[in-house]
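> Chains as they are written, first to last, in this note's numbering: chain A, 1 to 219; chain B, 220 to 438. Glycine included, C-beta positions come from ideal geometry on N, C-alpha and C. Dropping the structure in here first, questions after.
Number of protein chains: 2
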Amino acid sequence: MAQEQIRIPQATARRLPLYYRFLNNLHSQGKQRVSSAELSEAVKVDSATIRRDFSYFGALGKKGYGYNVNYLLGFFRKTLDQDELTKVALIGVGNLGTAFLNYNFLKNNNTKIEIGFDVDETKVGTSIGDVPIYHMDQLKEKLVEEGISVAILTVPAPVAQIITDQLIEADIKGLLNFTPARLNVPPSIRVHHIDLAVELQSFVYFLKHYPSNEKEDTI
Amino acid sequence: MAQEQIRIPQATARRLPLYYRFLNNLHSQGKQRVSSAELSEAVKVDSATIRRDFSYFGALGKKGYGYNVNYLLGFFRKTLDQDELTKVALIGVGNLGTAFLNYNFLKNNNTKIEIGFDVDETKVGTSIGDVPIYHMDQLKEKLVEEGISVAILTVPAPVAQIITDQLIEADIKGLLNFTPARLNVPPSIRVHHIDLAVELQSFVYFLKHYPSNEKEDTI
DNA sequence: GTGACTTTGTGATATAGTTAACAAAAAAAC
DNA sequence: GTTTTTTTGTTAACTATATCACAAAGTCAC
Ligand SMILES: NC(=O)c1ccc[n+]([C@@H]2O[C@H](COP(=O)([O-])OP(=O)(O)OC[C@H]3O[C@@H](n4cnc5c(N)ncnc54)[C@H](O)[C@@H]3O)[C@@H](O)[C@H]2O)c1
Ligand SMILES: NC(=O)c1ccc[n+]([C@@H]2O[C@H](COP(=O)([O-])OP(=O)(O)OC[C@H]3O[C@@H](n4cnc5c(N)ncnc54)[C@H](O)[C@@H]3O)[C@@H](O)[C@H]2O)c1
Numbered sequence: 001m002a003q004e005q006i007r008i009p010q011a012t013a014r015r016l017p018l019y020y021r022f023l024n025n026l027h028s029q030g031k032q033r034v035s036s037a038e039l040s041e042a043v044k045v046d047s048a049t050i051r052r053d054f055s056y057f058g059a060l061g062k063k064g065y066g067y068n069v070n071y072l073l074g075f076f077r078k079t080l081d082q083d084e085l086t087k088v089a090l091i092g093v094g095n096l097g098t099a100f101l102n103y104n105f106l107k108n109n110n111t112k113i114e115i116g117f118d119v120d121e122t123k124v125g126t127s128i129g130d131v132p133i134y135h136m137d138q139l140k141e142k143l144v145e146e147g148i149s150v151a152i153l154t155v156p157a158p159v160a161q162i163i164t165d166q167l168i169e170a171d172i173k174g175l176l177n178f179t180p181a182r183l184n185v186p187p188s189i190r191v192h193h194i195d196l197a198v199e200l201q202s203f204v205y206f207l208k209h210y211p212s213n214e215k216e217d218t219i
Numbered sequence: 220m221a222q223e224q225i226r227i228p229q230a231t232a233r234r235l236p237l238y239y240r241f242l243n244n245l246h247s248q249g250k251q252r253v254s255s256a257e258l259s260e261a262v263k264v265d266s267a268t269i270r271r272d273f274s275y276f277g278a279l280g281k282k283g284y285g286y287n288v289n290y291l292l293g294f295f296r297k298t299l300d301q302d303e304l305t306k307v308a309l310i311g312v313g314n315l316g317t318a319f320l321n322y323n324f325l326k327n328n329n330t331k332i333e334i335g336f337d338v339d340e341t342k343v344g345t346s347i348g349d350v351p352i353y354h355m356d357q358l359k360e361k362l363v364e365e366g367i368s369v370a371i372l373t374v375p376a377p378v379a380q381i382i383t384d385q386l387i388e389a390d391i392k393g394l395l396n397f398t399p400a401r402l403n404v405p406p407s408i409r410v411h412h413i414d415l416a417v418e419l420q421s422f423v424y425f426l427k428h429y430p431s432n433e434k435e436d437t438i
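What follows is the structure, encoded as structure tokens:
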């Protein structure tokens, strides 16, 4: 078969999981159909943007009717590969890491933290939220064994780059970085930064310098 | 005096805390000057973008020389109101909330979580990371008493809207929402959503559907 | 002091994302 | 079956952001 599909805009891609979650909600409420206007009210995204987003995948709706919840849900499940489990590793079982381990990302998500790593001997060998914690010495071995290529980084900033290098060595493909460090990686590896201190600080800046809410939501 | 300043682009505003942090790093390394190219390497933002960002505040650098670290740092400290402490409340002292309470956002940031709230009697009355936890019954009273107008929301999704209404009642101005709920607020109140499940899910989507790294970093 | 080099600040341009507006299609009402 | 109403899908316009490329203004070496 030809290719995946035409590449959709990144902004759209970032909204897909949001749509998917709210469609799930509607579905479990027994709703059969939904209009872009209703969905807009729920997810707080302009209805024209929603229609545009959906249109990248073809004509999913029906004029004068809206969208069939079941059909749309099924479509997005396929599009977001929700039938295939993505296994993730978490490096650094501290305050933030522990919170993530205790959270069930699987609930409408099909992503699971399968394994944790730390250097703290009091943590190695334990399980948190059913996720076993291993020592960093076993990083490569275990990642290869489990076939994991996505990692969440929640270690202290000063060791972030060193650990990143080890992860690259272990053939990781993507890195969700919660540390304040900006990482050096080869171009074949995707890194997203979620910098909570920056989020808080810029939020405070917006509050002080921008007149209230001209919506500008960080997803 | 006239007005604040010309309004700078939101994308720029979101990068300011990042610049500020790295300038602090350079400063404590004893560096006297820095070029946009060096800074670019450190923060992973195109050097032209950095120069453009800085230029919104006037001519901060010197041609053929670069930027004076001390001067720039002082300038951004003022711009980001770093000399004035912003007090923040945290609602919902669970997994995520506890992680935040244990984290020192004050380190180069001048934002501090001053107070926490929960309904869990085992948490009320304790302190976590030196932050006292109060019962939700005292929400309005305490927020007014402490003069707090920014809140972080880390409660279960089903109660998010109810608590939001209480916060509005308590005259909050901004809300950093970590729950998956999309909140209804009057336009005078600013809400930023940080939706970690969406971040993870869309990250996985990018990994599968977009050829490696055409950089597209969520700050 | 002179010439070579560096680096800014910014027009111009390119790229990305959002939104208004509406014809076309279908549904719903009658 | 006809009319009215609803709501999509998309064209066109707008707004925002990023980047190129280079003159201008300086620094630096000698
Ligand atoms: N906690 C927050 O709210 C918060 C907010 C913003 C940013 N962050 C960032 O997130 C990261 C984690 O924060 P935290 O509060 O969980 O820190 P933490 O100190 O509680 O946890 C760090 C964990 O990493 C482990 N670790 C240390 N060196 C390691 C190594 N070489 N290999 C593997 N594991 C190692 C430690 O044993 C510890 O368990 C930090 O970079 C921090 O700056 C955290
Ligand atoms: N932990 C994570 O990694 C993670 C990831 C993604 C999203 N989230 C979201 O963040 C939020 C918090 O997650 P968590 O894992 O910390 O949950 P949690 O259950 O550990 O904590 C929730 C806290 O809120 C308190 N609470 C409940 N009802 C309350 C009320 N009416 N008023 C005040 N406090 C109340 C509970 O007592 C508890 O302490 C949830 O909405 C969750 O979906 C968390």
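Say the cut is 7 Å; is the CB of A:Asn25 nearer than that to a heavy atom of ligand 1?
Numbered from 1 along the first sequence, position 25 holds the residue referred to as residue 25 of chain A. No; taking the cut-off as 7 Å, the Cβ of A:Asn25 has no heavy atom of ligand 1 nearer than that.
> Which one of A:Asp195, A:Asn184, A:His193 and A:Glu199 has the shortest CA to CA distance from B:Tyr410?
Here residue 410 of chain B is taken as the residue at index 191 of the second sequence, counted from 1. In the sequence on display, residue 410 of chain B carries Val and not Tyr. Minimum Cα distance to B:Val410 is reached at A:Glu199.
> Name the one or two DSSP bridge partners that B:Ile387 has.
In the second sequence, the residue the question calls residue 387 of chain B occupies position 168. Bridge partners of B:Ile387: none, in fact.
> How many angstroms separate the CA atom of A:Val69 from the CA atom of A:Leu23?
As a first step, residue 69 of chain A must be located in the first sequence, where it is residue number 69. As a first step, residue 23 of chain A must be located in the first sequence, where it is residue number 23. Spanning the two alpha carbons is a distance of roughly 7 Å.
> Between B:Thr330 and A:Val185, which are expected to be in contact by the criterion C-beta below 8 Å, what is the C-beta distance as a whole number of angstroms?
Numbered from its first residue, the second sequence carries residue 330 of chain B at position 111. Numbered from its first residue, the first sequence carries residue 185 of chain A at position 185. About 29 Å separates the two Cβ atoms, so there is no contact after all.
> In angstroms with no decimal places, state the Cα-to-Cα distance between A:Ser221 and A:Lys208.
The shown model of chain A, from 1 to 219, leaves out residue 221 of chain A, and the question about it has no answer.
> Within this structure, are the beta carbons of B:Gln380 and B:Leu358 separated by less than 8 Å?
Counting from one through the second sequence, the residue named residue 380 of chain B turns up at place 161. Counting from one through the second sequence, the residue named residue 358 of chain B turns up at place 139. Their beta carbons are not under 8 Å apart, which means B:Gln380 does not touch B:Leu358 by this criterion.
> Ends of the alpha helix (DSSP H) at B:Ile269?
The sequence position of residue 269 of chain B within the second sequence is 50, counting from 1. That run of the alpha helix (DSSP H) goes Ser266 to Ser274.
> Against B:Gly393, what residues of chain A qualify as contacts under a CB-to-CB distance less than 7 Å, listed in chain order?
The residue labelled residue 393 of chain B in the question sits at position 174 within the second sequence. Those are Phe203 and Leu207, listed as they occur along chain A.
> Please decide whether B:Val350 counts as near chain A, where near means a Cβ-Cβ distance under 8 Å.
Residue numbering aside, residue 350 of chain B sits at position 131 when the second sequence is read from its first letter. Closer than 8 Å: no.
> Just verifying my parser: in three-state terms, what is the DSSP assignment at B:Ala400?
In the second sequence, the residue the question calls residue 400 of chain B occupies position 181. B:Ala400 falls in the coil class under three-state DSSP.
> DSSP has A:Asn68 in a bridge; who is on the other side?
Here residue 68 of chain A refers to the residue found at position 68 of the first sequence. A:Arg33, per the DSSP bridge assignment.
> Using a Cβ-Cβ cut-off of 8 Å, state whether A:Tyr103 counts as contacting chain B.
By one-based count along the first sequence, residue 103 of chain A stands at place 103. Yes, contact with chain B.
> With C-beta atoms as the reference, is B:Asn321 less than 8 Å away from B:Ile352?
Start at 1 with the first residue of the second sequence, and residue 321 of chain B comes out as number 102. Start at 1 with the first residue of the second sequence, and residue 352 of chain B comes out as number 133. No, the Cβ-Cβ distance between B:Asn321 and B:Ile352 is not below 8 Å.
> In the DSSP output, what is B:Ala370 paired with across the bridge?
Numbered from its first residue, the second sequence carries residue 370 of chain B at position 151. Per DSSP, B:Ala308 and B:Leu394.
> Are any of the Cβ atoms in chain B nearer than 8 Å to that of A:Ile219?
Looking up residue 219 of chain A in the first sequence gives position 219. In this predicted model, A:Ile219 has a pLDDT of only 39, less than 50, meaning its place in the structure is not dependable; the value taken from the coordinates is given anyway. Interface residue, yes.
> Comparing C-alpha positions only, which one of B:Ser274, B:Gly249, B:Leu245 and B:Gln251 sits nearest to B:Glu260?
Residue 260 of chain B sits at position 41 when you count from the first residue of the second sequence. Of the candidates B:Ser274, B:Gly249, B:Leu245 and B:Gln251, the one whose C-alpha sits nearest the C-alpha of B:Glu260 is B:Leu245.
> First and last residue of the beta strand (DSSP E) that includes B:Phe324?
Locating residue 324 of chain B in the second sequence gives position 105, where the first residue counts as 1. Premise fails: B:Phe324 is in no beta strand (DSSP E) and is neither H nor E.
> Expressed to the nearest angstrom, what Euclidean distance is found between the alpha-carbon atoms of A:Tyr65 and A:Asp83?
Walking along the first sequence from the start, residue 65 of chain A turns up at place 65. Walking along the first sequence from the start, residue 83 of chain A turns up at place 83. For A:Tyr65 and A:Asp83, the distance between alpha carbons rounds to 28 Å.
> Is there a Cβ of chain A sitting closer than 8 Å to that of B:Ile381, yes or no?
Residue numbering aside, residue 381 of chain B sits at position 162 when the second sequence is read from its first letter. Cβ-Cβ to chain A under 8 Å: no for B:Ile381.
> Would you call the stretch 365 to 374 of chain B in contact with the stretch 302 to 316 of chain B, where contact means no fewer than 3 C-beta pairs closer than 8 Å?
With a cut-off of 8 Å, the stretch 302 to 316 of chain B and the stretch 365 to 374 of chain B count as touching, because enough Cβ pairs lie within range.
> Using the beta-carbon count (16 or more within 10 Å), is A:Ser188 buried or exposed?
Taking the first residue of the first sequence as 1, we reach residue 188 of chain A at position 188. A:Ser188 is exposed by the Cβ-count criterion.
> Out of B:Leu279, B:Leu258 and B:Arg234, point me to the one whose CA is closest to B:Leu299's CA.
The residue labelled residue 299 of chain B in the question sits at position 80 within the second sequence. When only C-alpha atoms are compared, the closest one is B:Arg234.
> What residues from the stretch 13 to 30 of chain A come within 9 Å of chain B, judged by C-beta to C-beta, listed N to C?
Under the 9 Å Cβ criterion, the stretch 13 to 30 of chain A contributes Ala13, Arg14, Arg15, Leu16, Pro17, Leu18, Tyr20, Arg21 and Phe22.
> Measure the CB-CB distance between B:Asp272 and B:Thr305 and report whether it falls below 8 Å.
Taking the first residue of the second sequence as position 1, residue 272 of chain B is located at position 53. Taking the first residue of the second sequence as position 1, residue 305 of chain B is located at position 86. Not in contact: B:Asp272 and B:Thr305 (Cβ atoms no closer than 8 Å).
> In chain order, what residues of the same chain lie with their CB nearer than 7 Å to the CB of A:Thr98, ignoring the 5 residues before and after it?
Here residue 98 of chain A corresponds to residue number 98 of the first sequence, with the count starting at 1. For A:Thr98, where only same-chain residues beyond five positions count, the Cβ hits under 7 Å are Ile128.
> Could you confirm whether any beta carbon from chain B is found closer than 8 Å to the beta carbon of A:Asp81?
Here residue 81 of chain A refers to the residue found at position 81 of the first sequence. For A:Asp81, the answer is yes, since a Cβ of chain B falls inside 8 Å of its Cβ.
> What's the gap between the Cα of A:Glu114 and the Cα of B:Gln420?
Taking the first sequence and counting its residues from 1, the one referred to as residue 114 of chain A is at position 114. Taking the second sequence and counting its residues from 1, the one referred to as residue 420 of chain B is at position 201. Taking the straight line joining both Cα atoms gives about 15 Å.
> Based on the DSSP secondary-structure assignment, which residues constitute the bridge partners of A:Thr111?
Your numbering for residue 111 of chain A matches position 111 in the first sequence. In the DSSP output, where bridge partners are listed per residue, A:Thr111 has A:Thr86.
> Go ahead and pull the three-state DSSP assignment for B:Pro236.
Working through the second sequence from its first residue, we reach residue 236 of chain B at position 17. Helix at B:Pro236.
> Return the chain-ordered list of same chain residues with a C-beta closer than 6 Å to the C-beta of B:Val338, the five sequence neighbours on each side being excluded.
To locate residue 338 of chain B, count along the second sequence from 1; it is residue 119. Cβ neighbours of B:Val338 beyond the five flanking positions: Met355.
> Which residues mark the beginning and the end of the beta strand (DSSP E) in which A:Val131 is found?
To locate residue 131 of chain A, count along the first sequence from 1; it is residue 131. Where A:Val131 is concerned, the enclosing beta strand (DSSP E) stretches over Val131 to His135.
> Residues in its own chain within less than 7 Å of B:Ile227 by CB, not counting five upstream and five downstream?
Looking up residue 227 of chain B in the second sequence gives position 8. Contacts found: Tyr275.
> Are there any heavy atoms of ligand 1 lying less than 7 Å away from the beta-carbon of A:Thr179, as far as the coordinates show?
The sequence position of residue 179 of chain A within the first sequence is 179, counting from 1. A:Thr179 Cβ: within cutoff of ligand 1.
> Under DSSP, the alpha helix (DSSP H) around B:Val363 begins and ends at which residues?
For the purposes of this step, residue 363 of chain B is taken as the residue at position 144 of the second sequence. Segment Leu358 to Glu365, the alpha helix (DSSP H) holding B:Val363.
> What residues in its chain sit with their C-beta under 8 Å from that of B:Leu279, if we drop five residues either side in the sequence?
Within the second sequence, the letter at position 60 stands for residue 279 of chain B. Excluding sequence neighbours, B:Leu279 sits near Phe273, Tyr286, Tyr290, Leu291 and Phe294.
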